[in-house]
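Undergrad:
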Amino acid sequence: MHSVSIRSLDLHFGAVKVLQNLDLDIFDGEFLVLLGSSGCGKSTLLNCIAGLLDVTDGQIFIKDKNVTWLEPNERGIGMVFQSYALYPQMTVEGNLSFGLRNARMPKAEIAKRVARAAEILQIEPLLKRKPAALSGGQRQRVAIGRALVRDVDVFLFDEPLSNLDAKLRADLRVEIKRLHQNLENTMIYVTHDQVEAMTLADRIAIMKGGQIMQLASPAEIYNRPGNKYVADFIGSPSMNFLEGMLDSGRFTTSGETLDTTAYPFSGSTAHGPATMGVRPEHVATGHEMQSLPIQADVSVELVEPMGSDTLVWTQFAGQTFRFRMDGQAEVAPGDTIRIGIDPAKASFFDQKTELRL
Amino acid sequence: MTSTDARTVEAGNGSRPPNPLLKNLSAKIASVPMALTALVIFLGCTGWTVVHSFTSSKLLPKLDFVGLDQYDRLWSTRRWLVSIENLAIYGICSLIFTLVIGFTLAALLDRKVRFESAFRTIYLYPFALSFIVTGLVWQWLLNPELGIQNVVRSLGWESFSFDPLYNPDIVIFGILIAGLWQGTGLIMVIMLAGLRGIDEDIWKAARVDGIPVWKTYVLVIIPMMRPVFVTALVLITSGIVKIYDLVVAQTSGGPGIASEVPAKYVYDRMFSSQNLGQGFAASTMMLLMVAIILIPWAYLEFGGKKRG
Amino acid sequence: MADVTASTNGNGIPATGLVEGPRGAKPKRTFSRGNIFLYGTLIVVAVYYALPLWVMVVTSLKGMPEIRMGNIFAPPVEITFQPWVKAWAEACTGINCDGLSRGFWNSVRILVPSVVLSIAVASVNGYALSNWKFKGSEVFFTILMLGAFIPYQVMIYPIVILLREMGLYGTLWGLVLVHTIFGMPILTLLFRNYFTSIPMDLFKAARVDGAGFWGIYFRVMVPMALPIFVVAMILQVTGIWNDFLFGVIYTKPEIYPMTVQLNNIVNSVQGVKEYNVNMAATLLTGLVPLTIYFVSGKLFVRGIAAGAVKG
Amino acid sequence: MKPITGILAATALASGTAAFATDLEVTHWWTSGGEAAAVAEFAKAFDATGNQWVDGAIAGSGNTARPIIVSRILGGDPMGATQLNHGRQAEELIEAGLMMDLTEIAEAEGWKDIVNPSTLLDGCTVDGKIYCAPVNIHSWQWMWLSNKAFEDAGVPVPTNWTEFVEAAPALEAAGKIPLAMGQQPWQQGGAFNVILTAVGGIELIDKIQGQKDMDAAMGPEFAEVWTAFAKARDMAAKSTVQDWNQATNLVITGQAGGQIMGDWAQGEFQVAEQTAGEDYTCLPGLGLEAILDTGGDAFYFPVNDDPEITAAQKELAALLLKPEVQVAFNSKKGSMPVRGDVDLGTVNACMKKGLDLLAAGNIMPSREQVLTQDTINEINDLLTEFWADPSYSPEDAQKAYADIISRAE
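Chains as they are written, first to last, in my numbering: chain A, 25 to 381; chain B, 3 to 310; chain C, 263 to 573; chain D, 247 to 655.
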């Protein structure tokens, strides 16, 4: 059963087409992350679901009910914003109960719900305070609580952690995940941070130019990116790309010819110009390398030690190539290292369509 | 995915887009006063006046068109020409002096002086006073038998003469003195805010480079304050065209017609001479003047932004 | 002038009239040439600005004989409050000799509804323009902004006709309406800019919480905009109190505001000009805005500057 | 001023018992000392009828007050009655049907027979109907001289303009301002008309202003008038006061030799308790052309829907011309009554001169009757500019004047 369904959604701002013919089905209880760089339309899509933007064409269903033209509060959603959006002149309690008071809910019921939300989020001691007297993390909890008290099926998160510092962000991320596990309701979460996306999502929808590039589980997206954009977007440091020709199990790039027989091509045969993508962490050195079908000697140009591991910059087949080594490895510019690549873990894309081969 | 049709059926009012006219209905209702003001007053009344400036309306407005007759008469009337000349002199001087004095005072105050707030308070308080009050005060101060001239003479300098309000050649400067007294404080405050908004590092960089303070102001700070100057400029000019109360209180246009201004011409023709057509023609010319000042500015401001 | 910034004595203790913090190694004299020039200029200019107020105050406290004899800058030899009493309660416009007090109360009666109404309308406008844009709203706004630059003279007569048709001509409410209309461009801009600066998320959150147009305005926006309301209030109080043109055109003698009455009292002479009474009357008229200015200094500056600074 | 308020208050109490006590707002611009005292007479008489006079004095000259009055009538908020100079000022208002037709009352009261000169009523008549009630006759054609000033200067008090001009150097030598003049345009405008009448003669003024004869306007006779006015400008160079009564005050106190001003200036002399012939001397027509222009004030009654107010308006209109009211008002105002059959009692020497001229029929129409306010204002602007700028030559000014006349309606 679908919790949220979006049917051929279009949104235009004048001549600018922000969303184009977009379809998306979100399952009940699913945690879906909309991921993309700024301007890709992910927040716009979320705002459409919330009813904060009027769509140009298409339909939106929440719990099988067509809500395309309903007011935000009639849709059965709760929303958490990047800037917290707490009402500064109201206490935490006031903030939590504002929506319920607008809905003219009996006082007792309001009190019950506020108490429950405060308990879940452990913000009971803060109830009488004003937002100005709260820390960033506390404010975001209150903002989540505001969605919680509404007792709705769908939670919408609009980059809720972007304004927090790195440590808090990691903490709150875990909390949101725990919340999802406990509440089991549908959550749609917009972010540009791939770590958040990978850690939280059941499925990730990667967006670009108002369209969904790939909708899949985090593992699938990481391991089998559907196109070059997704491959480039996911992973840090990002994937190495080698331009070349693919011809009957061989990939030729700048004089090097690589054996690709181990790669599971989706089509029967793949010929023609292609791009090979290799994640820096999938490049092996040392004895692991020896069993791999592709091997080469590269000269180290630059070393970036990052503690847990070290990023090494080299040239491979005349193109910039990075790979990851153990943090304890001792390498210096000028060293020559022999590397190995497993074609099974690599990705191949058609140079023209940029789709996965 | 399974049964879109069924969904549509049970969806109810959410599936149909509301009438676009009724959308944001409260907002539209709430905007009625604004819309009425914009359309009826600013567009309607202005258009009405412009149309009637081509008629021979006397005491009562009537649509008896006489072409450009009113404008002919307007531009052959001494008093109007004097008014325009006065406005030009007052305008240019007021613009230059207000900017220079305003900026200089702001720059001086920005040198981290002691009692800054006391100085600022003194410089700005005249702005709280109306033009009527300003005009009356300066009428007395510039009165030769009572004011500054009298005081200086009583100190022994018998030949001292300072009676701008009684000399047709310089009366407009007498009004300028009062106008500057009233208005420079505001420009100073705006300039001061502009100066405070400039990054301290600019000053540090200039000092490291060994640029003298005055040169830093001229070459670095003033160019950086362009938006502030534009604001000040628009503010001063729109005030200049409206000048009326000050003249009424200070000189009533005298001596003779030496300190008449366009706004007063309009008022007198409309209400005292009972020649509405003439008043409308004069006010239409005022509108044209504003447009001449405003259009290049708007072009620079907004045309520039689009390019950028 | 460079001397002025780097003025501190060697041990880092700020010298008289100087800045704190070490700025240079070289000790500076307190009365450096630059300093004398700086403070000299500031004080001379301050005298120019302060003098008229001083003259008004001292003259209003003198008797007529003293004014005729002495110089206008000298403090009164014998202080008398009679001119103030006369200006307030006895000065004549025509055969009505109840002084400025009538004008004062008229001004108050004009001021209160004008300020309330103009701010109410403009704040709703600003709110609608920043959060509830609809087709055409920007067009209205643009016209409104252009309207701020149209000389009043162009519109005064047609407004006479409009007010007549509405039966409001010569009434207090007619003038209130005029003040509301002409205060609208700047106030709307002020509020629009302020409401635009409030994060859009807050507005969205309130909508998700089920608040409508008025609900969000009254329960979310207004409480957040209190500072800007104060600023707008200062702007309007000073502006309306000091108005002369509209007061003279759209009202009749019984409800003339104080500025118009002041001009009448001062410029209609019966016998000798009583300068002390006139000065007292002038001061009385300036008292309300001056009080606001001296009491709420910073906010006043903000208000005036906000009215000045465009979007 | 206090007593007036007192009277008003007292009558307000008294009128509480009257059957039809209607408040009637009356606007006027009589605000100087003598004028205000005269208005109080109207108020007293009207209040005695059981109605109540609500005073709507508007400070300043007619030029300030008139727009307010007119725009209130146009603005749909008419007063009960209002002062206006009869003449062309109200023409359009009457044509627009905004003024009450007083013909009925005029006939009942027999105004046609009693109003003298009858031209006064002509000024109120449009299409055979009477729309205003003239209340007094005011003439601009006066010059007021300070006997003390001439005594101080050691010259005899002049008997006409020519002598006055000759005496000017002596006055100046004695530290006096020969001619007092306020700085408001209407004062120069009025004074010029007086000089035009006196120096140019009655025919010239009729040709120029009445017939708009361009030859006369450009002719040598008119040039002489301008020379005389330029002379007046020189004599008044040191007079820097603004208001007419301040200028009159200069004459009263002997600081100035004389002033060209309408007969309302007489009120100021009375307030200052000066005696005509003893302390001051008056010269009608500048002693050259003994004639009076019969301008003056009239009351108009804007149309009102309220029948009670209409009744009160009619009552007031009739009252204004009653003999006793005319006497009381005009004595205080220093103006002449509009009916020849009343006796002001002991009138001073100046008033006597005026009444004699009136009785002899030496009269001419006032500027307000001949020219529109628009033209008058334009002329005033020209004259005040000429007055304030000594370098403005009489020749140029004559041309500018002729120009305005050529455009006048």
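Think of the CB as a built atom: it goes at the ideal place given N, C-alpha and C, for glycine as much as any other residue.
(1) Please report whether the beta-carbon of D/Ile651 lies at a distance below 8 Å from any beta-carbon of chain B.
(2) In chain C, what lies closer than 7 Å to A/Pro112 by C-beta?
(3) Starting from C/Gln498, trace the alpha helix (DSSP H) in both directions and tell me its first and last residue.
(4) Quick one: what's got a C-beta closer than 6 Å to C/Lys288's C-beta in the same chain, skipping five residues either side?
(5) Closest to D/Ala432 by C-alpha separation, out of D/Phe632, D/Lys477 and D/Gly513, would be which residue?
(6) Closest Cβ-Cβ distance between B/Lys217 and chain D: below 8 Å?
(7) Grab me the residues of B/Leu237's own chain with a C-beta within less than 8 Å of its C-beta, minus the 5 sequence neighbours each way, in chain order.
(8) So what's D/Ile250 in DSSP terms, helix, strand or just coil?
(9) Along the segment 259 to 283 of chain B, where does the CB come closer than 9 Å to a CB of chain D? Name the residues.
(10) Where C/Ala351 and D/Ala282 are concerned, what is the direct C-alpha to C-alpha distance, given to the nearest angstrom?
(11) Cβ of C/Met541 within 8 Å of Cβ of C/Ser322?
(12) Could you have a look at B/Asn26 and say whether DSSP puts it in helix, strand or coil?
(13) Any C-beta of chain D sitting closer than 8 Å to the C-beta of C/Arg371?
(14) If distances are taken between C-alpha atoms only, which option among D/Ile537, D/Ala483, D/Arg479 and D/Gln516 comes closest to D/Asn491?
(15) Against C/Val482, what residues of chain A qualify as contacts under a CB-to-CB distance less than 7 Å, listed in chain order?
(16) Take the Cβ of B/Arg18 as the centre, count every other Cβ of all protein chains shown within 10 Å, and call the residue buried at 16 or more, exposed below.
(17) Look at C/Val563 and B/Leu126 and say whether their C-beta atoms are less than 8 Å apart.
(18) Starting from the C-beta of A/Met330, find all residues in its chain whose C-beta is less than 8 Å away, skip the five residues before and the five after it, and write them out in chain order.
(19) Determine whether the Cβ of D/Val616 lies closer than 8 Å to any Cβ atom of chain B.
(20) Considering only the beta carbon of each residue, do A/Glu325 and A/Thr338 sit closer than 8 Å?
(21) For C/Val422, tell me which candidate among C/Leu437, C/Gln498 and C/Phe411 has the shortest Cα-Cα distance.
(22) To the nearest angstrom, how far is the alpha carbon of B/Gly241 from that of D/Asp589?
(23) Using alpha carbons as the reference points, say which of B/Gly49, B/Lys25 and B/Leu110 lies closest to B/Phe313.
(24) Looking at B/Leu235: is its Cβ nearer than 8 Å to the Cβ of B/Ala180?
(25) If you follow the alpha helix (DSSP H) that D/Cys378 is in, where does it begin and where does it stop?
(26) Buried or exposed: A/Leu282, going by 16 or more other Cβ atoms within 10 Å of its Cβ?
(27) Which residue wins for smallest C-alpha separation from A/Val178, given the options A/Ala157, A/Leu192, A/Lys201 and A/Met211?
(28) When you compare only the Cα positions, how much space is there between D/Asp635 and D/Lys484?
(29) Residues in the same chain with beta-carbon distance under 6 Å from A/Gln319, minus the five sequence neighbours each way, listed in chain order, please.
(30) Leaving aside the five residues before and after A/Val254 along the sequence, list all residues of the same chain whose C-beta is less than 6 Å from its C-beta, in chain order.
(31) Please confirm if the segment 513 to 531 of chain C is in contact with the segment 325 to 340 of chain C, defined as three or more CB-CB distances below 8 Å between the two stretches.
(32) Could you tell me whether the segment 95 to 105 of chain A touches the segment 460 to 475 of chain C, where touching means 3 or more Cβ pairs closer than 8 Å?
(33) Write down the C-beta distance between A/Leu33 and A/Gly82 rounded to the nearest angstrom, noting that I regard them as a contact closer than 8 Å.
(34) For the segment 339 to 359 of chain D, list every residue whose C-beta sits within 8 Å of some C-beta in chain B, in sequence order.
(35) If you count every other CB in all the chains shown that lies within 10 Å of the CB of A/Asp182, and 16 or more means buried, which is it?
(36) If you draw a straight line from the alpha carbon of B/Ser163 to that of D/Leu532, how long is it in whole angstroms?
TA: This is what the structure gives:
(1) Among the residues facing chain B, D/Ile651 is not included, as its CB has no counterpart in that chain under 8 Å away.
(2) Result: Met486.
(3) Its alpha helix (DSSP H) spans residues Leu488 to Trp503.
(4) With a pLDDT of 47 at C/Lys288, under the threshold of 50, the modelled position of that residue is not reliable, and the figure given next carries that caveat. If you ignore the 5 residues before and after C/Lys288, its C-beta comes within less than 6 Å of no other C-beta in its own chain.
(5) The sequence given here places Trp at residue 432 of chain D; Ala does not occur at that position. The option with the nearest alpha carbon to D/Trp432 is D/Phe632.
(6) With its beta carbon at least 8 Å from every one in chain D, B/Lys217 lies outside the interface.
(7) Annotation for B/Leu237: Leu188, Ile189 and Ile192 place their beta carbon closer than 8 Å to its own, counting only its chain and skipping 5 residues before and after.
(8) Residue placement at D/Ile250 is flagged as unreliable, the pLDDT there being 41, under the threshold of 50; the coordinate-derived value follows with that caveat. The answer is helix: DSSP assigns D/Ile250 an H, G or I state.
(9) Listed in sequence order: Ile259, Ala260, Glu262, Tyr269, Asp270, Arg271, Met272, Phe273, Ser274, Ser275, Gln276, Asn277 and Gln280.
(10) For the pair C/Ala351 and D/Ala282, the Cα-to-Cα distance works out to about 19 Å.
(11) Cβ atoms of C/Met541 and C/Ser322: closer than 8 Å.
(12) If DSSP states are grouped into helix, strand and coil, B/Asn26 belongs with coil.
(13) Taking Cβ atoms only, chain D never reaches closer than 8 Å to C/Arg371, which makes this a no.
(14) Checking every option, the nearest Cα to that of D/Asn491 belongs to D/Gln516.
(15) Near C/Val482 (Cβ distances below 7 Å), the residues of chain A are Tyr111.
(16) With fewer than 16 other CB atoms across the displayed protein chains lying within 10 angstroms of its CB, B/Arg18 is exposed.
(17) With contacts defined by Cβ atoms closer than 8 Å, C/Val563 and B/Leu126 form a contacting pair.
(18) Counting only Cβ-Cβ distances below 8 Å, and skipping sequence neighbours, we find Gly351.
(19) At a cut-off of 8 Å between C-beta atoms, D/Val616 does not count as an interface residue with respect to chain B.
(20) Yes, the pair counts as a contact, with Cβ atoms nearer than the cut-off.
(21) Comparing C-alpha distances from C/Val422 to each of C/Leu437, C/Gln498 and C/Phe411 shows the shortest one belongs to C/Leu437.
(22) Distance between the alpha carbons of B/Gly241 and D/Asp589 is about 58 Å.
(23) The structure shown does not extend to residue 313 of chain B, since chain B is modelled only from 3 to 310, so the question has no answer here.
(24) Their beta carbons are not under 8 Å apart, which means B/Leu235 does not touch B/Ala180 by this criterion.
(25) Run containing D/Cys378: none in the alpha helix (DSSP H); it sits in the beta strand (DSSP E), Cys378 to Pro380.
(26) Counting of Cβ neighbours within 10 angstroms places A/Leu282 among the buried residues, the total reaching 16 or more.
(27) Relative to the Cα of A/Val178, the nearest Cα in the group A/Ala157, A/Leu192, A/Lys201 and A/Met211 belongs to A/Met211.
(28) Going from the Cα of D/Asp635 to the Cα of D/Lys484 covers about 13 Å.
(29) Closer than 6 Å at the Cβ level, and outside the excluded window around A/Gln319, lie Gly364.
(30) So the list reads Ile230, Met237 and Gln238, once near-sequence residues are dropped.
(31) At 8 Å Cβ cutoff, the stretches do not touch.
(32) Yes, the segment 95 to 105 of chain A is in contact with the segment 460 to 475 of chain C.
(33) Taking a contact as a CB-CB distance under 8 Å, the pair A/Leu33 and A/Gly82 counts as one, their CB atoms being some 4 Å apart.
(34) Cβ contacts with chain B: Leu339 and Ala342.
(35) Counting Cβ neighbours within 10 Å, A/Asp182 comes out buried, since at least 16 surround it.
(36) Rounded to the nearest angstrom, the gap between the Cα atoms of B/Ser163 and D/Leu532 is 36 Å.
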